[in-house]
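Here's the structure we're looking at; comments come further down.
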Amino acid sequence: MAAKWLKNAVFYEIYPQSFLDTNGDGIGDFEGIIEKLDYIKGLGCNALWINPCFDSPFKDAGYDVRDYKKVAPRYGTNEDLYRLFEEAHKLGIHVLLDLVPGHTSEEHEWFRMSQKAEPNEYSDRYIWTSFCFEGCPGLPYIGGESERSATYILNFFKCQPALNYGFLKPDKPWMTGIHDPAAVATREAIKDVMRFWLDRGCDGFRVDMASSLVKFDDEKKSGTSAIWLNVREMLEKDYPEAAMVSEWGDPKLALRAGYDADFFLNVPGNGYSSLLRDYGMDPIGPDNSYFKKDSDHDISRFLGEYLDWYEDTKDIGYISMITCNHDTVRATLHLSPDELKIAYAFLFTMPGVPFLYYGDEIGMRYQFLPTKEGGYYRTGSRTPMQWSSGKNLGFSNASPEQLYLPVDPAEDAPTVEDQETDPDSLLNTIRRILMLRHKEEDLQADGSFEVLHAVKGEPFVYRRGKITIAVNPGLVEAEVPVSTEGKSLLFSIGTCRFEKNTFLIGPQSFAAIR
Ligand code: NOJ
Ligand code: CA
Numbered sequence: 001m002a003a004k005w006l007k008n009a010v011f012y013e014i015y016p017q018s019f020l021d022t023n024g025d026g027i028g029d030f031e032g033i034i035e036k037l038d039y040i041k042g043l044g045c046n047a048l049w050i051n052p053c054f055d056s057p058f059k060d061a062g063y064d065v066r067d068y069k070k071v072a073p074r075y076g077t078n079e080d081l082y083r084l085f086e087e088a089h090k091l092g093i094h095v096l097l098d099l100v101p102g103h104t105s106e107e108h109e110w111f112r113m114s115q116k117a118e119p120n121e122y123s124d125r126y127i128w129t130s131f132c133f134e135g136c137p138g139l140p141y142i143g144g145e146s147e148r149s150a151t152y153i154l155n156f157f158k159c160q161p162a163l164n165y166g167f168l169k170p171d172k173p174w175m176t177g178i179h180d181p182a183a184v185a186t187r188e189a190i191k192d193v194m195r196f197w198l199d200r201g202c203d204g205f206r207v208d209m210a211s212s213l214v215k216f217d218d219e220k221k222s223g224t225s226a227i228w229l230n231v232r233e234m235l236e237k238d239y240p241e242a243a244m245v246s247e248w249g250d251p252k253l254a255l256r257a258g259y260d261a262d263f264f265l266n267v268p269g270n271g272y273s274s275l276l277r278d279y280g281m282d283p284i285g286p287d288n289s290y291f292k293k294d295s296d297h298d299i300s301r302f303l304g305e306y307l308d309w310y311e312d313t314k315d316i317g318y319i320s321m322i323t324c325n326h327d328t329v330r331a332t333l334h335l336s337p338d339e340l341k342i343a344y345a346f347l348f349t350m351p352g353v354p355f356l357y358y359g360d361e362i363g364m365r366y367q368f369l370p371t372k373e374g375g376y377y378r379t380g381s382r383t384p385m386q387w388s389s390g391k392n393l394g395f396s397n398a399s400p401e402q403l404y405l406p407v408d409p410a411e412d413a414p415t416v417e418d419q420e421t422d423p424d425s426l427l428n429t430i431r432r433i434l435m436l437r438h439k440e441e442d443l444q445a446d447g448s449f450e451v452l453h454a455v456k457g458e459p460f461v462y463r464r465g466k467i468t469i470a471v472n473p474g475l476v477e478a479e480v481p482v483s484t485e486g487k488s489l490l491f492s493i494g495t496c497r498f499e500k501n502t503f504l505i506g507p508q509s510f511a512a513i514r
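Residues in the sequence shown are numbered from 1 upward in steps of one, following my numbering.
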């Protein structure tokens, strides 16, 4: 594990399209992020993850990179991004870019070259079969689009051909091994991209589909892991403070493959989803989320997965808890601001490195919208940030039809401006929680974590170092079922009180005692 700054990091995820537009073209830009660095710092976030901001045809919101070393002109210039790094660093904010190593855009120069019939340096940069009618069993492939008589494998959408990192057990003539020159060349090319940005002030990467490098015969991920360990060697040597956060969803593997942190992602039915989005595949169906005031309040589904991961990985890296991300339906679809206050207090007092998705600090609502840039249902979580009551809720001076996506049309759409003045707003509650986290080392990434009481329908109680935390998402005051003798209240949301030797936690309340 390398990056020491992660110990007290709290990330803010920015979808650059929708954060702040400063030149009136209807789309967010680097200058907008720079202008809001003080706001981000004031929230209590000291690190950023910016979704892909590179040159792209934007068929998948920028996850289809056309040039890894050039930013998309719609956000500004490379120099603007270097300035963003600099200004962020002045405030003690670290910046992660989004690295997309598994695929490029079909418009990337490497891919154009690899499509040529005449063999060249890039012929094996992607996974190609040996004949125009030959596919690869079990993997999606495309034929008929290239002068080369072969088909190529996709990594995600049709616009995203898979880069070739080789196969563990190559058994077809067109398969290369993971140590063959062509596969090594791909790996080195991605390392070169990483060096490019790290040399210019970037502090590391959130890595897209980190587990996807070596295809189907890599069930235990030993091939993919070997590649990341090789990348880690480079980082250890030349960039010891660079941080790597994986979109892998399996910390036991990811943290052993050299990652500093791995996300606990929302997968319908999994432990994380049981907290904030317990409605299976139907977003407007009934919801039994742990943090809903009238659910059955069963934390065991979350703990069942989390504790196993946590115990196995606590000495080697971090699990990242998220409020949401650009792929996930905003939790406001089912949870009210009062429910979210308790949920966030929980997420931000857990071990590891937490992530706050832009707009979640004010409870921005999920919007039902037609798809944009390959977003589909995800589009509704990617709408413009709501700053004020001004034009386009302060996002942009453009005319509303020109906006990247429409702003929330509701009369009572939450805004930063409104919530600033209300001490009990979600925004100010998050600030208080994050201030507490920064003040108390016990609550940060490395502080110990122990479950003290986790019975369905009763307050959930856990310990972080010397701090005991009680959570009551329900509607009835309850006795905290652990000894609180000699302790006093450190922090609370809602109503909490000591009565003789017992500690009572009110409805929809959260308490930290020590
Ligand atoms: C995961 C990203 O988070 C998502 O937005 C993207 O569409 C896919 N990977 C493909 O890159
Ligand atoms: Ca703009």
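Backbone N, C-alpha and C fix where the C-beta goes; we use that ideal spot for every residue, glycine too.
- Under the three-state reduction of DSSP output, Trp128 falls in the strand class.
- Cβ-Cβ distances below 7 Å link Tyr68 to Phe54, Val193 in the same chain, with the five nearest sequence neighbours on each side left out; the list follows chain order.
- Measuring C-alpha to C-alpha distances from Gly494 to each of Thr371, Val95, Ala343, Ser300 identifies Ala343 as the nearest.
- The C-beta of Pro370 has fewer than 16 other C-beta atoms within 10 Å across all chains shown, which makes the residue exposed.
- Contact between His94 and Asp203 holds: their C-beta atoms lie close to 4 Å from each other, under 8 Å.
- The region 305-320 makes contact with the region 341-358; the number of CB pairs closer than 8 Å reaches 3 or more.
- For the pair His108 and Lys215, the Cα-to-Cα distance works out to about 21 Å.
- For Phe133, the number of other beta carbons within 10 angstroms of its own is below 16, and it is reported as exposed.
- In this chain, the alpha helix (DSSP H) harbouring Lys252 covers 251-254.
- Three or more Cβ pairs drawn from the region 166-175 and the region 122-142 lie within less than 8 Å of each other, which places the two stretches in contact.
- At the C-beta level, Val207 and Val245 come within 8 Å of one another.
- As the crow flies, the alpha-carbon of Thr332 is around 25 Å from that of Ala454.
- In its chain, beyond the 5 residues on either side, Ala478, Pro481 have a beta carbon closer than 7 Å to the beta carbon of Glu458.
- In the three-state reduction of the DSSP assignment, Pro181 falls in the helix class, which pools H, G and I.
- With contacts defined as CB atoms closer than 8 Å, Val407 and Ser388 fail to qualify as a contacting pair.
- A direct Cα-to-Cα measurement between Glu485 and Ile430 gives close to 29 Å.
- Minimum Cα-Cα distance from Leu307 among the listed residues Asp282, Gly269, Pro251 corresponds to Pro251.
- Secondary structure at Asp308: helix, using DSSP grouped into helix, strand and coil.
- In this structure, Asn8 has its CB at a distance of at least 7 Å from all heavy atoms of ligand 2.
- Placement of the Cβ of Val207 at a distance of 7 Å or more from every heavy atom of ligand 1 is found.
- Assignment of Arg382 by DSSP, reduced to helix, strand and coil, places it in the coil class.
- Not a single heavy atom of ligand 1 lies less than 7 Å from the C-beta of His334.
- The C-beta distance from Pro16 to Asn51 rounds to 6 Å, short enough to meet the 8 Å contact threshold.
- Boundaries of the alpha helix (DSSP H) harbouring Val416: 416-420, taken from the DSSP string.
- In this structure, Val100 has its beta carbon less than 7 Å from a heavy atom of ligand 1.
- Residue environment analysis places Lys292 among the buried positions, since at least 16 neighbouring C-beta atoms fall within 10 angstroms of its C-beta.
- Sequence-distant Cβ neighbours of Leu229 in its own chain, meaning closer than 8 Å and more than five residues away, are Ala257, Gly258.
- Here Leu340 is near Leu426, since their CB atoms are less than 8 Å apart.
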